[in-house]
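Novice: I'd like to ask some things about the structure below.
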Amino acid sequence: MHILVQTWIQSIHETTEQHRLFVRLLSSSISRQSWAQIHLHRLIAPHIIQRVLIDQVAWADKWALAFAMDEVGNSTWSQKQLKEVLVHAETTFGDESPITLAIMTDLGTSYDRSGPYRIQTALTLHQRVLAARLKLRGEKDIETLSAMSNVASSLVDMWRNNEAESLYLKIIELLTATVGPDHPDVLRAESRLATILFRTGKRQLGYYRKVSMLERLDGKDTVTQMEQLRGMENIGTSLHILGRYPDALELFRQLSSVINRLLGPYHSTSIRIKLSTAGTLCRLGRFGEATEHLEHAFKRLHPASDGDESSELAIRPEDRRNTPEGLSAQRLMCFVLFCAGNHAEAEERYAATVEAHLKTLGPDHPHTQWVQKPLAEWEDPTFIEYAIRKPGSVAEDAS
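Residue numbers for the sequence shown follow UniProt numbering, beginning at 1 and rising by one.
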């Protein structure tokens, strides 16, 4: 399929005008709520980057193309283009222009997706957008509340739970007064609040609230399939942490089938679900299956590796061995091998994993400090933040 797409693009790449029309066609097709469009971009966008002289693309088309590439998992290229587009917008339209704020939001969202290593940068961008929205439109405006939600989401990702909880309570109050209690934005905010409850020790309450939020999201016309799948992933994570491994495994396998079909195996979401599946299989003692899942993940994270079918294509997905997903895969492989009794190979991989964390994150990062513990002292690293920040003995509210 990739070879056919590339041949087609080559055939229409005869003139600059055709090239510009083609990029404009792709840009105009972008629907940020559509998995089908993301699937289309997964096939086409990498070839466009290869064939197109990006400097000849109008800034608005470059913005749209960067967003499309971020959706299919090529965040490094996307962030580079978005930063250039942001500089252009700030110079042309000003710091508080709606266009500038929209680009800044997209760049912050891209950093959010890059995992815990770019969250501070994302938070700074979201805070700038929120300050401008508050100044221009006040706190009850729907775009202001969206910016406020982005700030709160980054705080959750940084485990600044108290600040995030206070902000989400405010968001829910303002949204309920503005759009009503059953609006999808209200339900999303309540779902994130459930995550905070889960983290602070009220795990059963947090889990049941997540399930309730997903049930209330179901059937809403304005709720996308993407949001439904993210809700299912959150529940799968909760089931794993609660120790309900068979239930978690069944849900992760359902998700993997759907997301692989929609986004393809190289997308960061597909890889993340595969890693969650591997970690759950390990907890069930199915070490051979867990290892097989991890080996497949490594081939997607390191496309130049032997046996990866992308080596036959003209495009090359990014080498992501030292991305959040890549480091997670390295930790999990060490853990699975050690649990399976392959201590020699586990220790060999352990040394490389520690080196990768030191090089990528530095010695002071919590993930680096955690992985430097002896392997025998490791607890389940499937969801590393829970392994690091295990809540204290807080009484669970099961009401």
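Beta carbons are placed, not taken as given, at the ideal position from N, Cα and C, and that holds for glycine.
H367 CB to nearest chain B CB: under 9 Å?
Specialist: Looking for chain B here will not work: only one protein chain is present.
Novice: If you draw a straight line from the C-alpha of Q127 to the C-alpha of R133, how long is it?
Specialist: Between Q127 and R133, the C-alpha separation is close to 10 Å.
Novice: Taking just the CA atoms, how far does R203 sit from A248?
Specialist: The alpha-carbon atoms of A248 and R203 are separated by roughly 15 Å.
Novice: Buried or exposed: which applies to D70, given that a residue is buried once 16 or more other Cβ atoms fall within 10 Å of its Cβ?
Specialist: By the 10 Å Cβ count, D70 comes out buried.
Novice: Quick one: grab the DSSP three-state call for F67.
Specialist: Correct three-state label for F67: helix.
Novice: Pop quiz: L125 and E165 are said to be a contact at Cβ under 8 Å. What is the actual Cβ separation, rounded to whole angstroms?
Specialist: Incorrect: roughly 22 Å between the Cβ atoms, too far for contact.
Novice: In angstroms, rounded to a whole number, what distance separates the CA positions of D380 and C282?
Specialist: Approximately 9 Å between the Cα atoms of the pair.
Novice: Among the residues of its own chain, which have a CB less than 6 Å from the CB of D157, if the five just before and after it don't count?
Specialist: Around D157: I119.
Novice: Excluding the 5 residues preceding and the 5 following I172 in the sequence, name in chain order all residues of the same chain whose CB lies nearer than 8 Å to its CB.
Specialist: Closer than 8 Å at the Cβ level, and outside the excluded window around I172, lie V186, A189, E190, L193.
Novice: Among the residues of its own chain, which have a CB less than 8 Å from the CB of L167, if the five just before and after it don't count?
Specialist: The residues are M148, V151, A152, L155.
Novice: Can you give me the Cβ contacts of S75 inside the same chain, cut-off strictly under 7 Å, excluding the 5 residues immediately before and after it?
Specialist: Hits under 7 Å: S110, R113, S114.
Novice: Could you check where the alpha helix (DSSP H) with A351 kicks off and where it finishes?
Specialist: Counting along the chain, the alpha helix (DSSP H) containing A351 begins and ends at 343-361.
Novice: I need the boundaries of the alpha helix (DSSP H) containing D380, first residue and last residue.
Specialist: That residue, D380, is in no alpha helix (DSSP H); it is neither H nor E in DSSP.
Novice: With 16 as the cutoff for other CB atoms within 10 Å, does N162 come out buried or exposed?
Specialist: With fewer than 16 Cβ atoms within 10 Å of its Cβ, N162 is classed as exposed.
Novice: When DSSP labels each residue in this structure, what does N150 get in the three-state scheme?
Specialist: Three-state DSSP puts N150 in a helix.
Novice: Using only alpha-carbon positions, find the residue among G201, H183, H357, K80 that is nearest to L214.
Specialist: Of the candidates G201, H183, H357, K80, the one whose C-alpha sits nearest the C-alpha of L214 is H183.
Novice: Hey, how far is the Cα of I388 from the Cα of M232?
Specialist: Between I388 and M232, the C-alpha separation is close to 24 Å.
Novice: Of the residues S328, E325, Y350, which one's Cα is nearest the Cα of L337?
Specialist: Considering only alpha carbons, the answer is Y350.
Novice: Short of 8 Å in beta carbon distance, which residues of its chain neighbour H367, apart from the five on each side in sequence? Order them along the chain.
Specialist: Taken in chain order, the residues that qualify are P116, L327, H357, L361, I384, I388.
Novice: With respect to the alpha helix (DSSP H) encompassing A132, which residues constitute its N-terminal and C-terminal limits?
Specialist: That run of the alpha helix (DSSP H) goes 119-137.
Novice: Do you know how far the Cα of I196 is from the Cα of V264?
Specialist: It is Gly, not Val, that sits at residue 264 in the sequence shown. Taking the straight line joining both Cα atoms gives about 31 Å.
Novice: Helix, strand or coil: how does DSSP classify E165 here?
Specialist: Helix at E165.
Novice: If you follow the alpha helix (DSSP H) that P366 is in, where does it begin and where does it stop?
Specialist: Here the alpha helix (DSSP H) through P366 covers 366-371.
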